[in-house]
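Protein chains in written order, with this note's numbering: chain X, 75 to 367; chain D, 10 to 286; chain P, 18 to 373.
From the three backbone atoms N, C-alpha and C, an ideal C-beta is built for every residue, glycine too.
Before any comments, here is the structure.
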Amino acid sequence: MTFLNFFISGVSLGSIYAIIALGYTMVYGIAKMLNFAHGDVIMVGAYVCFYAVFRFHLPAAAGVVLAMAVCTLLGIVVEKLAYKPLRQAPSLAVLITAIGVSYFLQNTALLLWTSNPKVFPSVVGHGALKLFGGRLSISHVTIVTIVSCLVIMTALSWFVGRTRMGKAMRACSEDKGAALLMGINVNAAISLTFAIGSGLAAAAGVLLCSAYPTLMPTTGSLPGIKAFTAAVFGGIGSIPGAFLGGLLLGVIEIFAKAYISTQLSDAVVFAVLIVVLLVKPAGLLGRQMQEKV
Amino acid sequence: MATKLVPVPSRAMVPERDAGRAPILECVNLGLTIGGLKIVENFNLTIGRTEIAGLIGPNGAGKTTVFNLLTKVYHPTTGTVLLDGQDTAGMTPAQANRLGIARTFQNIRLFKNLSVADNVKAAMTNDIHYGLFGAILRLPRCRRQELAAHHRALKLLSIFDMQSLADVKAGSLPYGAQRRLEIVRALATYPSLLLLDEPAAGMNPSETHELIDSIRRVHETFPIAIILIEHDMNLVMNLCEGICVLNFGRVIAKGAPADIQSNPDVIEAYLGRQKEG
Amino acid sequence: MKRLISLKRPEARRVYGTYALVTLAYVILQIMISTRTLSSSMKGMLVPICAYMVMTVALNLVVGVLGELSLGHAGFMSVGAFTGVACAILLQSAVPWAPLRLSVSMAAGAAFAALGGFLIGIPVLRLKGDYLAIVTLAFGEIIKSVLNNFYMGVDKAGLHVSMLADTTGLLPGGRLIVGGPMGIGGIRKIATLDAGFALVMIALIVVYNLINSRMGRAFQAVRDDRIAAESVGIDVTRYKMTAFVVSAALAGAAGCLFAMNYSTIVANKFDFNTSILILVFVVLGGQGNMLGSVAAAAALTILPEKLREFRDYRMLIYAAMLIAIMLGSNNAAVRNFFARLRSFGRASKEEASHGH
């Protein structure tokens, strides 16, 4: 039973990583950039929801929606101001800019909300589902997290595969120049990608803090790095890869904490990543880009 | 005057002067199939030790792919490549180069941020002899080797009259000079077989004429074999002693320039078949 | 041509110019210290600035010259710091003269970091681009995690190590050197500006000589066009490894110097944020530009201190400046402006020489 408990915890944590990893992978696919500021968007989302629900006493659902709206807007604004001017610049320049944005967000949060950790009471309450005569207890937070992930996965697959805008996003990921020549509004596609990624990051932030209730300006950092690792693990640029990578990473992390050591769990997670990349250099579901000679 | 081609025991044709020596290159049933698509199929070629050969065919015929197979950028799905008698299976491009095959690229691949001389010296990395500590401490052996390398590089550049451009950044050279630099860089690895991928692309007739002279000069100075991919028929017919024609990844004709020019399959490949009626 | 590098060639001017500038800065600082015109806060920053300069030059060798992104270089600093300091503590009685002890410790730190670079390089350098970057990040985190849980003590019986919990079982009179998350404490602060200056000069000499050698040309060839480099016989993996190991060694020495400036060091100090910090120095100073690296490391370490008057807003301003600089330096209009300035300068120089 404890094994199953751990597994479900792992899937829950992995769901959060998967939702965050989506943002990294979609932005990388379309803009070929590693958006290091993404982890801090998570933190902003969590703070917005915290203040909405626990200071202004809005209902939980409204808080979540507000957080997603604010972060979506934040994502679009950051893209227009900081990344769009650098579309033709070398990728390292954009990386450093993203780092600058990350510092900016963290320090703004520090100024606005101080570094005192906030306790984030769960948006879903503290109930739990008891199965197998009470031996297996799954908290409501876990259920909502996993279900959210499944819903997002389905919705995003439909959007990217079936809608016109989704196809435009995929076209831009393949070849921006050609997409432009085909009359696709590349700017809109890129903005939409950042918008979706950031909105999802807000949701992930709310779910993350519901499960792990401490909230500080640096809360988004480590999950951000791990989710980024998950995105690469699954194959950077691949949406199914982000889900797979995130879920696997969550499971591996919980099992490492449970069966190996809590302190070394991070080392184990990163070691697994390295081994996977050695065997599959483009990630689990990634495509090895063939260079034309 | 056209070179006389004679058959050799492997039943391929090489220049008469190379008949007594083993061929520098032998491709036997070379093929590359990717995802069910036969990019190159049943490619057989023998090149004499000092032959200048041409590899021609319409666009997309697989000519650069053949070069990539010879230089081990791609690994063949069937067949063998024998370079100077040695099977190159499993080799890396760097190993193949050390064995004696060098090339230029269809889309110029220079080391854009290095100077002209450094581009050539980079190709001599394996022929300059000092170790890491020698480099860091700039020991006398390092200084001597660097000086010798610099002189060698200038000498090679003088073949194409480029020694005065030695300190110019390669990326800022005009197009024609870049193409010539690529050839010098390839020569700096002292190959036995030099592959030139469309060396005259984008050149006007007078530049092409100079190029023909330069290639002839290279051929006279060094005892090497050269294979040329080219679309400029004037250059091909003037320079090449043996020509291999590719279409859709298969060889459709092989022989002396005169035979190729009158070969109906070759004409059809380039111009299409005359419509009936 | 007797001297291959005569002062006429622009790269030679830059190399010797850099040596001269760094030496000049050192001399000026020494004068300021002896005349007590240097504020104590600045004085305290001198050794860390030297360490960051060396780190930046080391990382620039990989990022700017070899052209590969490394996101875990703080890990090498960490290895160098821990092994170097442990070495210094173990040698406390055997080598009482501090400068020698410091030199030996930095060498030890460099050696262990180089070994780490070699071991990490074996899997890492086969990957390319962003995947190589993420694996270096992973290794950086692994090193941090492992060192955080590493215990080492010494007593009459010798060296004892343990992981996760302190089961070193030291005899009385023994000393716990590395104490897991508590790191190393009770460090004798033997790092000096002289040592820092020496290390910066060594790093510059090593890197500049390497760049101007056949290895350096190979690194740059791999950076500019890997496929072409292979086609001229360059063994890409081997040269990547050489650059990586040299860079790791320098980073390790820098880490040891850095650590010996504090009485306590913990593994968490050398984390992803430190790796990113150094990367920012490299990019801002110019990839491949060692003088820029040295200048950026100094300027960007001093800048947050100078911004102290803005108190709470200083990191925010720092971040905003970083973004502004990146946007500015990659803006086509700005670039054209500076290009025109440069060509104007060249034209007027030519005019001046032609006019006489």
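Within 10 angstroms of the Cβ of P:K19, are there 16 or more other Cβ atoms? Answer buried if so, exposed if not. For the purposes of this step, residue 19 of chain P is identified with residue 2 of the third sequence, where counting begins at 1. With a pLDDT of 45 at P:K19, under the threshold of 50, the modelled position of that residue is not reliable, and the figure given next carries that caveat. With a threshold of 16 other beta carbon atoms within 10 Å, P:K19 falls short and is exposed.
To be precise: take each residue of the stretch 135-149 of chain D, compare its Cβ to all Cβ atoms of chain P, and keep it if any distance is under 7 Å. Which residues remain? Going along the stretch 135-149 of chain D in chain order, one finds N135, I137, L141, A144, I145, R147 with a Cβ nearer than 7 Å to chain P.
Residues that D:N122 contacts on chain P, provided the C-beta gap is smaller than 9 Å: Indexing the second sequence from 1 puts residue 122 of chain D at position 113. Chain order gives the chain P residues near D:N122 as Q237, R240, D241, G305, where near means a beta carbon separation below 9 Å.
Inspect the beta-carbon positions of X:N181 and P:A336 and report whether they are closer than 8 Å. If you number the first sequence from 1, residue 181 of chain X lands on position 107. If you number the third sequence from 1, residue 336 of chain P lands on position 319. One thing to note: X:N181 has its Cβ within 8 Å of the Cβ of P:A336.
Using 8 Å as the limit for Cβ to Cβ distance, is X:I348 near chain D? Locating residue 348 of chain X in the first sequence gives position 274, counting from the first residue. Chain D places no beta carbon closer than 8 Å to that of X:I348, leaving this residue out of the contacts.
Can you confirm whether D:N77, when its beta carbon is compared against all beta carbons of chain X, has any partner nearer than 8 Å? As a working note, residue 77 of chain D is residue 68 in the second sequence. It does: the Cβ of D:N77 has a partner Cβ on chain X nearer than 8 Å.
How would you list, in chain order, the residues of chain X whose beta-carbon sits under 9 Å from the beta-carbon of P:S162? In the third sequence, residue 162 of chain P corresponds to position 145, counting from 1. The answer, in chain order, is Q337, L338, S339, D340, A341, V342, F344.
Ordered along the chain, which non-local residues of its own chain (more than five positions away) have a Cβ less than 6 Å from that of P:A105? For the purposes of this step, residue 105 of chain P is taken as the residue at position 88 of the third sequence. Taken in chain order, the residues that qualify are R118, S122.
Length of the line joining the Cα atoms of X:V85 and X:V218: The sequence position of residue 85 of chain X within the first sequence is 11, counting from 1. The sequence position of residue 218 of chain X within the first sequence is 144, counting from 1. So the two alpha carbons sit approximately 12 Å from each other.
Relative to the C-alpha of P:I204, which candidate in P:L38, P:L294, P:L83, P:A103 has its C-alpha closest? Indexing the third sequence from 1 puts residue 204 of chain P at position 187. It is P:A103.
Please determine, among D:K164, D:R107, D:A111, D:N116, the residue with the shortest C-alpha to C-alpha distance to D:N135. Counting from 1 along the second sequence, the entry for residue 135 of chain D is found at position 126. Of the candidates D:K164, D:R107, D:A111, D:N116, the one whose C-alpha sits nearest the C-alpha of D:N135 is D:R107.
Contact with chain P by D:R225, beta-carbon distance below 8 Å: As a working mapping, residue 225 of chain D is identified with position 216 in the second sequence. Taking Cβ atoms only, chain P never reaches closer than 8 Å to D:R225, which makes this a no.
In whole angstroms, give me the CA-to-CA distance for P:S292 and P:A313. By one-based count along the third sequence, residue 292 of chain P stands at place 275. By one-based count along the third sequence, residue 313 of chain P stands at place 296. Between P:S292 and P:A313, the C-alpha separation is close to 15 Å.
Candidates P:F261, P:S51, P:L107, P:V217: closest to P:R143 by CA position: Taking the first residue of the third sequence as 1, we reach residue 143 of chain P at position 126. When each option's Cα is compared against that of P:R143, the closest is P:F261.
So P:L83 and P:R240 are in contact, right, with Cβ under 8 Å, and what is the actual spacing, rounded? Stepping through the third sequence from its first residue, residue 83 of chain P is reached at position 66. Stepping through the third sequence from its first residue, residue 240 of chain P is reached at position 223. With a Cβ gap of about 6 Å, P:L83 and P:R240 count as contacting.
Close Cβ partners of X:S176 (< 6 Å) along its chain, the five nearest in sequence each way excluded: Translated into the one-based positions of the first sequence, residue 176 of chain X becomes position 102. In its chain, beyond the 5 residues on either side, F110, A111, D114 have a beta carbon closer than 6 Å to the beta carbon of X:S176.
Between P:M49, P:S56, P:L164, P:I228, which has its C-alpha nearest D:G143's C-alpha? Within the second sequence, the letter at position 134 stands for residue 143 of chain D. Looking at P:M49, P:S56, P:L164, P:I228, the one whose alpha-carbon comes closest to that of D:G143 is P:I228.
So what does D:G40 bridge to, in DSSP terms? In the second sequence, residue 40 of chain D corresponds to position 31, counting from 1. According to the DSSP secondary-structure assignment, D:G40 is paired through a beta bridge with D:T87.
Cutoff 8 Å: P:A155 Cβ touching any chain X Cβ: Residue numbering aside, residue 155 of chain P sits at position 138 when the third sequence is read from its first letter. For P:A155, the answer is yes, since a Cβ of chain X falls inside 8 Å of its Cβ.
Could you say if the stretch 182-193 of chain X and the stretch 300-307 of chain X meet the contact criterion of at least three C-beta pairs nearer than 8 Å? Counting C-beta pairs with one atom in each stretch, the stretch 182-193 of chain X and the stretch 300-307 of chain X have fewer than three that are closer than 8 Å, which means they do not touch.
Can you name, in chain order, every residue of its own chain whose Cβ lies under 8 Å from the Cβ of X:L140, other than the five neighbours on each side? In the first sequence, the residue the question calls residue 140 of chain X occupies position 66. Excluding positions up to five away in sequence, the list reads V122, C123, A126, L132.
Less than 8 Å between the CB atoms is what I'm expecting for X:G88 and X:L323, so what's the real figure, rounded? The residue labelled residue 88 of chain X in the question sits at position 14 within the first sequence. The residue labelled residue 323 of chain X in the question sits at position 249 within the first sequence. The beta carbons of X:G88 and X:L323 sit about 6 Å from each other, so the pair counts as a contact at 8 Å.
The ligand GDP heavy atom lying under 7 Å from the CB of X:A245: In the structure shown, the ligand GDP is absent, as is every other ligand, since no ligand is present at all.
Looking at the secondary structure, which residues open and close the alpha helix (DSSP H) in which D:P24 lies? The residue you call residue 24 of chain D lines up with position 15 of the second sequence. Unbroken run through D:P24 is the beta strand (DSSP E), 22-24; no alpha helix (DSSP H).
Count the other C-beta atoms from every protein chain shown that fall within 10 angstroms of the C-beta of D:G286, then say buried if there are 16 or more, exposed otherwise. Taking the second sequence and counting its residues from 1, one reaches residue 286 of chain D at position 277. Residue confidence is low: D:G286 scores 46 on pLDDT, short of 50, so the model does not pin down where it sits. No coordinate-derived value is stated.
Looking at C-alpha atoms only, which residue of P:L339, P:L358, P:I244, P:A350 is the closest neighbour of D:T113? Residue numbering aside, residue 113 of chain D sits at position 104 when the second sequence is read from its first letter. The residue from P:L339, P:L358, P:I244, P:A350 with its alpha-carbon nearest to that of D:T113 is P:I244.
P:I48 burial status per 10 Å Cβ neighbour count (16 or more: buried): Looking up residue 48 of chain P in the third sequence gives position 31. Residue environment for P:I48: exposed (fewer than 16 other C-beta atoms within 10 angstroms of its C-beta).
Roughly how many angstroms separate the alpha carbons of X:L274 and D:T97, rounded to a whole number? One-based indexing of the first sequence puts residue 274 of chain X at position 200. One-based indexing of the second sequence puts residue 97 of chain D at position 88. Rounded to the nearest angstrom, the gap between the Cα atoms of X:L274 and D:T97 is 52 Å.
Taking a contact to mean a Cβ-Cβ separation below 8 Å, would you say P:V74 touches P:A208 in this structure? Looking up residue 74 of chain P in the third sequence gives position 57. Looking up residue 208 of chain P in the third sequence gives position 191. Taking the C-beta atoms as reference points, P:A208 is found no nearer than 8 Å to P:V74.
Assuming P:R118 is part of the alpha helix (DSSP H), what are its boundary residues? Your numbering for residue 118 of chain P matches position 101 in the third sequence. Where P:R118 is concerned, the enclosing alpha helix (DSSP H) stretches over 115-141.
On the DSSP bridge assignment, give the partners of P:M169 in chain order. If you number the third sequence from 1, residue 169 of chain P lands on position 152. Partner(s): P:V178, P:V195.
Run the CB neighbour count on P:T35, radius 10 Å, all protein chains shown included, and call it buried at 16 or more, exposed below. As a first step, residue 35 of chain P must be located in the third sequence, where it is residue number 18. With 16 or more Cβ atoms within 10 Å of its Cβ, P:T35 is classed as buried.
Taking only runs that begin and end inside the stretch 223-306 of chain X, name each unbroken alpha helix (DSSP H) of 4 or more residues, in chain order. Taking 4 residues as the minimum length, the alpha helix (DSSP H) runs contained wholly in the stretch 223-306 of chain X are 238-248, 250-255, 260-285, in order along the chain.
Examine chain D for any beta-carbon lying closer than 8 Å to the beta-carbon of P:S248, and answer yes or no. Position 231 of the third sequence, counting from 1, holds the residue named residue 248 of chain P. Between P:S248 and chain D, the shortest Cβ-Cβ separation is below 8 Å.
Interface residues of chain X around D:V82 at Cβ under 8 Å? Start at 1 with the first residue of the second sequence, and residue 82 of chain D comes out as number 73. Those are V367, listed as they occur along chain X.
In whole angstroms, give me the CA-to-CA distance for D:G66 and D:N77. As a working mapping, residue 66 of chain D is identified with position 57 in the second sequence. As a working mapping, residue 77 of chain D is identified with position 68 in the second sequence. Put simply, the backbone Cα of D:G66 is about 16 Å away from that of D:N77.
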